[in-house]
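Enquirer: Top line first, the protein sequences correspond to chains S and V. Per our numbering, the very first residue in the first sequence carries number 1; after that it's consecutive. Per our numbering, the very first residue in the second sequence carries number 133; after that it's consecutive. Positions of the beta carbon are idealized from the N, C-alpha and C atoms, including for glycine. Everything numeric in this text was worked out from a predicted model, so none of it was measured.
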Amino acid sequence: MERFRYLSQEWIEEAAKRLRAELTPEKMKHVTSSMLTVYKSCPDGQERALYYKFTDGVIAELSIREGELPEAEFRIIGDYETFAKISRAELGSRAALMSGKLILKGNMVKALSLASVVDRLNKVLATIPTEY
Amino acid sequence: MTENTATCADPYFIDFPKRIHDLQAEMANQGIDVYLGSRLRTLSWTLDAFCPWRSFVVIPREGLPTAFTFVIDAARVADESWLDADHVLGYAPMGGQDQITAISDFIGQYLYNGQGMVGIESGMSSYLPEGNLTHYEYERFAEALPQARLINAHDIIDRLSLIKDPGTINRFREASRIVDVGHRAVYEAIQDGKYRGMTETEIAGLAAYAMRKAGSEWEWSFTGGNEIASGYRTGLAGGACTPATRRQLKPGEPLMVDIHAMFKLGLGDHSHNYLLGPATPRQRWHADNFVALVNQCLKTYKAGTSPSKLADEMMLFCEDGGFAEYMVPGFEHGIGMMGDEWRIGLNDGPFPYWTNPDHVYQPGEMLICAIQYACPEENIGFRYENPILITADGCEAMSKFPLAIEEI
Numbered sequence: 001m002e003r004f005r006y007l008s009q010e011w012i013e014e015a016a017k018r019l020r021a022e023l024t025p026e027k028m029k030h031v032t033s034s035m036l037t038v039y040k041s042c043p044d045g046q047e048r049a050l051y052y053k054f055t056d057g058v059i060a061e062l063s064i065r066e067g068e069l070p071e072a073e074f075r076i077i078g079d080y081e082t083f084a085k086i087s088r089a090e091l092g093s094r095a096a097l098m099s100g101k102l103i104l105k106g107n108m109v110k111a112l113s114l115a116s117v118v119d120r121l122n123k124v125l126a127t128i129p130t131e132y
Numbered sequence: 133m134t135e136n137t138a139t140c141a142d143p144y145f146i147d148f149p150k151r152i153h154d155l156q157a158e159m160a161n162q163g164i165d166v167y168l169g170s171r172l173r174t175l176s177w178t179l180d181a182f183c184p185w186r187s188f189v190v191i192p193r194e195g196l197p198t199a200f201t202f203v204i205d206a207a208r209v210a211d212e213s214w215l216d217a218d219h220v221l222g223y224a225p226m227g228g229q230d231q232i233t234a235i236s237d238f239i240g241q242y243l244y245n246g247q248g249m250v251g252i253e254s255g256m257s258s259y260l261p262e263g264n265l266t267h268y269e270y271e272r273f274a275e276a277l278p279q280a281r282l283i284n285a286h287d288i289i290d291r292l293s294l295i296k297d298p299g300t301i302n303r304f305r306e307a308s309r310i311v312d313v314g315h316r317a318v319y320e321a322i323q324d325g326k327y328r329g330m331t332e333t334e335i336a337g338l339a340a341y342a343m344r345k346a347g348s349e350w351e352w353s354f355t356g357g358n359e360i361a362s363g364y365r366t367g368l369a370g371g372a373c374t375p376a377t378r379r380q381l382k383p384g385e386p387l388m389v390d391i392h393a394m395f396k397l398g399l400g401d402h403s404h405n406y407l408l409g410p411a412t413p414r415q416r417w418h419a420d421n422f423v424a425l426v427n428q429c430l431k432t433y434k435a436g437t438s439p440s441k442l443a444d445e446m447m448l449f450c451e452d453g454g455f456a457e458y459m460v461p462g463f464e465h466g467i468g469m470m471g472d473e474w475r476i477g478l479n480d481g482p483f484p485y486w487t488n489p490d491h492v493y494q495p496g497e498m499l500i501c502a503i504q505y506a507c508p509e510e511n512i513g514f515r516y517e518n519p520i521l522i523t524a525d526g527c528e529a530m531s532k533f534p535l536a537i538e539e540i
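So this is what it looks like as structure tokens:
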């Protein structure tokens, strides 16, 4: 089975393909928002971010960003390894937030209402055969 | 969806943007870049929402305030406040979302390179839910904003909230009307000997039920909601705090009914007293003393007088009547929108954070006319409380329940 290097361009393309195929606008609660997951201490020592843009429940953009990061309604910041553990289902995203391993910036009341959407999103991403 | 659709034509309308604008003008005068409010009175006065959980309001020099409250209540506060959901944020024990991190990050955006002056609310109070910044919170904010200077600035809000606007006054009038509904319900329930077998808690509950039916949001006082005392509990020495107990009402005893209603953060607070018959001539003497004193006190309140001047006059009246030894020599406590209780006026008296006895009342101020009469050796006492609006030549008593001590 083909494996994708985590956060590579190929991984992003596969992620976008799977998310669009599996998450209907209904499942995405017709959300219009944007989110940045910021990966600190990547294996090459760099910091990079995954930018999600949702329009009426459709994933309008999924891209990897470096350097100056775009504005986003929500920003989730953590170590690469923390995100990797979440993707490998070794750590729950909620537990990571509650323990301070992940930092959320943005309106938490709105974030709570979108928590189920993010869970669905993470579940799909976890199905990608990934090399960390 | 919010039902908070007050307009200028609404008698309960308060111009909250103007309040914020006035506060910001004062911040500019004092060089304050951001105001961090934490007192319950400040939250009510700026947000127009009841904040029962630890909450904060961050007010920049320009633009809208943003409130922070425990996430479980943030959506409800946003729904009731004049602010939208983008200006009422929740905090919780999560990375980046705990109150210190979330608020200091938020404040940081209004400081230039992290430098500037942040007004905070510090002090002390005999009122437990006052909400001054705690020592721990102060230290953590100071740590999170190392280049900023934190200064005590609550005087600004205290000064701006001293004179009540028409919307606030009307909210108090309505809360007092509701309290009168509660008093009528109590009277009807206890008259003709129907009080027999009832307990203080039951009286508190039936008053609460009547007031809630009439629109009260809650029996707001932190002193146990509705304060009901019977028998010896009415005459506890110097006492002015009687959460209801399971004590049964008994013939030949006094009954004190001190009930509270809230309407849009305006507070009703009226205490009425009874003698559960048969009353002795001595009990009637005490009761008549008390009613005469209340009448005299209400006639005396007006702009230009002060707590000490009024107390001197009232104590002289009591001395002349031969009952001065039964009096608590204070005749008021402060009042404002929910959370503003106890201290009158500004923090400018000889004892910090207590009422300045020489505070000179101005037209438009509100306070609770509060009178406590206690004769512990005879197990009898009475309490009067009523929100009053100070006017140029007198005062308006908001509760209209007829002043008397009826023998039931």
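Counting pairs of Cβ atoms below 8 Å between the region 463-478 of chain V and the region 408-420 of chain V, do you hit three or more?
Expert: Too few Cβ pairs lie closer than 8 Å, so no.
Enquirer: Please list the partners that residue 103(S) has in chain V, where partner means a Cβ-to-Cβ separation under 9 Å.
Expert: By 1-based counting over the first sequence, the position of residue 103(S) is 103. Within chain V, the residues near residue 103(S) are 226, 227, 228, 229 and 233.
Enquirer: Should residue 160(V) be labelled buried (16 or more other beta-carbon atoms within 10 Å of its own) or exposed?
Expert: Within the second sequence, residue 160(V) is the residue found at index 28, counting from 1. Exposed.
Enquirer: Suppose contacts are defined by Cβ-Cβ distances below 7 Å. Is residue 380(V) in contact with residue 333(V) by that definition?
Expert: Numbered from its first residue, the second sequence carries residue 380(V) at position 248. Numbered from its first residue, the second sequence carries residue 333(V) at position 201. No, they are not a contact pair.
Enquirer: Does any residue of chain S bring its CB to less than 7 Å from the CB of residue 276(V)?
Expert: Taking the second sequence and counting its residues from 1, one reaches residue 276(V) at position 144. No, because no Cβ of chain S sits closer than 7 Å to the Cβ of residue 276(V).
Enquirer: Could you tell me if residue 483(V) is buried or exposed, where buried requires 16 or more neighbouring beta carbons within 10 angstroms of its beta carbon?
Expert: Mapped onto the second sequence, residue 483(V) falls at position 351. Residue 483(V) should be labelled exposed.
Enquirer: Compare the Cα-Cα distances from residue 282(V) to each of 485(V), 504(V), 518(V) and 165(V) and report the closest residue.
Expert: Translated into the one-based positions of the second sequence, residue 282(V) becomes position 150. Comparing Cα-Cα distances from residue 282(V) to each of 485(V), 504(V), 518(V) and 165(V), the minimum goes to 165(V).
Enquirer: With a cut-off of 7 Å, does the C-beta of residue 117(S) fall near any C-beta of chain A?
Expert: As a matter of chain content, chain A is missing from the structure shown, whose protein chains are S and V.
Enquirer: Check this for me: beta carbons of residue 102(S) and residue 96(S), under 7 Å apart or not?
Expert: Indexing the first sequence from 1 puts residue 102(S) at position 102. Indexing the first sequence from 1 puts residue 96(S) at position 96. A contact, by the Cβ cut-off of 7 Å.
Enquirer: Between the alpha carbons of residue 134(V) and residue 106(S), how many angstroms are there, rounded?
Expert: As a first step, residue 134(V) is located in the second sequence; it is residue number 2 there, counting from the start. As a first step, residue 106(S) is located in the first sequence; it is residue number 106 there, counting from the start. Residue confidence for residue 134(V) is low, a pLDDT of 49 falling below 50, so the modelled location carries little weight and cannot support an answer.
Enquirer: Around the C-beta of residue 125(S), are 16 or more other C-beta atoms found within 10 angstroms, so that it is buried, or is it exposed?
Expert: What you label residue 125(S) is simply residue 125 of the first sequence in a count that begins at 1. Buried.
Enquirer: Going along the chain, which residues of its own chain have a beta-carbon closer than 6 Å to the beta-carbon of residue 247(V), five neighbours each way excluded?
Expert: Along the second sequence, read from residue 1 onward, the residue named residue 247(V) stands at position 115. Answer for residue 247(V): 279, listed in chain order.
Enquirer: Can you tell which of 13(S), 53(S), 12(S) and 60(S) has the C-alpha that lies nearest to the C-alpha of residue 75(S)?
Expert: Translated into positions along the first sequence, residue 75(S) becomes position 75. It is 53(S) whose Cα lies nearest to the Cα of residue 75(S).
Enquirer: What does DSSP give as the partner residue(s) for residue 401(V) in the beta ladder?
Expert: Numbered from its first residue, the second sequence carries residue 401(V) at position 269. Residue 401(V) pairs with 392(V).
Enquirer: May I ask you to report which of helix, strand or coil DSSP gives residue 146(V)?
Expert: Reading the second sequence from its first residue, position 14 is the one you call residue 146(V). Residue state, collapsed to three classes: coil.
Enquirer: Could you tell me the alpha carbon to alpha carbon distance between residue 376(V) and residue 210(V), rounded to whole angstroms?
Expert: Translated into positions along the second sequence, residue 376(V) becomes position 244. Translated into positions along the second sequence, residue 210(V) becomes position 78. Computed Cα separation, rounded: 34 Å.
Enquirer: By the 10 Å Cβ neighbour count, where 16 or more other Cβ atoms means buried, how is residue 269(V) classified, buried or exposed?
Expert: Here residue 269(V) refers to the residue found at position 137 when the second sequence is read from its first residue. The residue is buried, with at least 16 neighbouring Cβ atoms inside 10 Å.
Enquirer: Using a Cβ-Cβ distance cut-off of 7 Å, determine whether residue 292(V) contacts chain S.
Expert: Within the second sequence, residue 292(V) is the residue found at index 160, counting from 1. Not one chain S Cβ lies under 7 Å of residue 292(V).
Enquirer: I'd like to know whether the C-beta atoms of residue 41(S) and residue 80(S) end up nearer to each other than 7 Å.
Expert: Position 41 of the first sequence, counted from the start, is the residue given in the question as residue 41(S). Position 80 of the first sequence, counted from the start, is the residue given in the question as residue 80(S). Cβ distance < 7 Å, so residue 41(S) and residue 80(S) count as in contact.
Enquirer: Does any C-beta atom of chain S lie closer than 7 Å to the C-beta of residue 338(V)?
Expert: Residue 338(V) sits at position 206 when you count from the first residue of the second sequence. Not one chain S Cβ lies under 7 Å of residue 338(V).
Enquirer: On a Cα-Cα basis, can you pick out the residue from 421(V), 464(V), 309(V) and 422(V) that is closest to residue 441(V)?
Expert: Numbered from 1 along the second sequence, position 309 holds the residue referred to as residue 441(V). The residue with the shortest Cα to Cα distance from residue 441(V) is 464(V).
Enquirer: List the whole-angstrom C-beta distance separating residue 290(V) from residue 478(V), where the pair is believed to meet the contact cut-off of C-beta under 8 Å.
Expert: Residue mapping note: residue 290(V) aligns to position 158 of the second sequence, counting from 1. Residue mapping note: residue 478(V) aligns to position 346 of the second sequence, counting from 1. Going by Cβ atoms, the distance from residue 290(V) to residue 478(V) rounds to 5 Å, so yes, they are a contact pair.
Enquirer: Let me make sure I understand the geometry here. Which of 308(V), 139(V) and 187(V) has the alpha-carbon closest to that of residue 203(V)?
Expert: Within the second sequence, numbered from 1, the residue matching residue 203(V) stands at position 71. For the residues 308(V), 139(V) and 187(V), the minimum Cα distance to residue 203(V) belongs to 187(V).
Enquirer: Run down chain S in chain order and give the residues with a C-beta less than 8 Å from the C-beta of residue 203(V).
Expert: Sequence index remark: in the second sequence, residue 203(V) carries index 71 (1-based). Within chain S, the residues near residue 203(V) are 108, 109 and 112.
Enquirer: Can you give me, in chain order, the residues of the region 74-98 of chain S that have a beta carbon less than 8 Å from any beta carbon in chain V?
Expert: For the region 74-98 of chain S, which is checked against every Cβ of chain V, the residues closer than 8 Å are 77, 78, 96, 97 and 98.
Enquirer: Within 7 Å of any Cβ in chain S, is that where the Cβ of residue 222(V) sits?
Expert: In the second sequence, the residue the question calls residue 222(V) occupies position 90. Answer yes: the Cβ-Cβ gap between residue 222(V) and chain S drops below 7 Å somewhere.
Enquirer: Would you mind stating whether residue 445(V) and residue 394(V) have Cβ atoms separated by less than 7 Å?
Expert: By one-based count along the second sequence, residue 445(V) stands at place 313. By one-based count along the second sequence, residue 394(V) stands at place 262. Against a cut-off of 7 Å, the Cβ pair of residue 394(V) and residue 445(V) comes out as no contact.
Enquirer: Measure the Cβ-Cβ separation of residue 535(V) and residue 498(V) and say whether it is below 7 Å.
Expert: Taking the second sequence and counting its residues from 1, one reaches residue 535(V) at position 403. Taking the second sequence and counting its residues from 1, one reaches residue 498(V) at position 366. Against a cut-off of 7 Å, the Cβ pair of residue 498(V) and residue 535(V) comes out as no contact.
Enquirer: Taking contact to mean at least 3 C-beta pairs separated by less than 8 Å, is the region 115-132 of chain S in contact with the region 260-267 of chain V?
Expert: No, they do not touch.
Enquirer: Need the endpoints of the beta strand (DSSP E) that residue 249(V) sits in, please.
Expert: As a position in the second sequence, residue 249(V) is number 117, starting the count at 1. First-last of the beta strand (DSSP E) with residue 249(V): 248-252.
Enquirer: At 3 residues or longer, and completely inside the region 277-350 of chain V: list those beta strand (DSSP E) runs for me, N to C.
Expert: For the region 277-350 of chain V, whole beta strand (DSSP E) runs of length 3 or above, ordered along the chain, are 280-284.
Enquirer: Can you list the residues of chain V that residue 100(S) reaches, using a CB-CB cut of under 8 Å?
Expert: As a first step, residue 100(S) must be located in the first sequence, where it is residue number 100. Here the neighbours are 226 and 227.
Enquirer: Just the C-alpha distance for residue 55(S) and residue 19(S), rounded to the nearest angstrom, thanks.
Expert: If you number the first sequence from 1, residue 55(S) lands on position 55. If you number the first sequence from 1, residue 19(S) lands on position 19. Using only the alpha carbons, I get a separation of about 14 Å.
Enquirer: Taking 7 Å as the CB-CB cut-off, is residue 206(V) touching chain S?
Expert: Translated into the one-based positions of the second sequence, residue 206(V) becomes position 74. Output row for residue 206(V): interface = yes.
Enquirer: Can you pull the chain S neighbours of residue 218(V), defined as C-beta to C-beta under 8 Å?
Expert: Mapped onto the second sequence, residue 218(V) falls at position 86. Here the neighbours are 107.
Enquirer: Please name the residue in 185(V), 227(V), 276(V) and 387(V) whose C-alpha comes closest to that of residue 250(V).
Expert: Taking the second sequence and counting its residues from 1, one reaches residue 250(V) at position 118. When only C-alpha atoms are compared, the closest one is 276(V).
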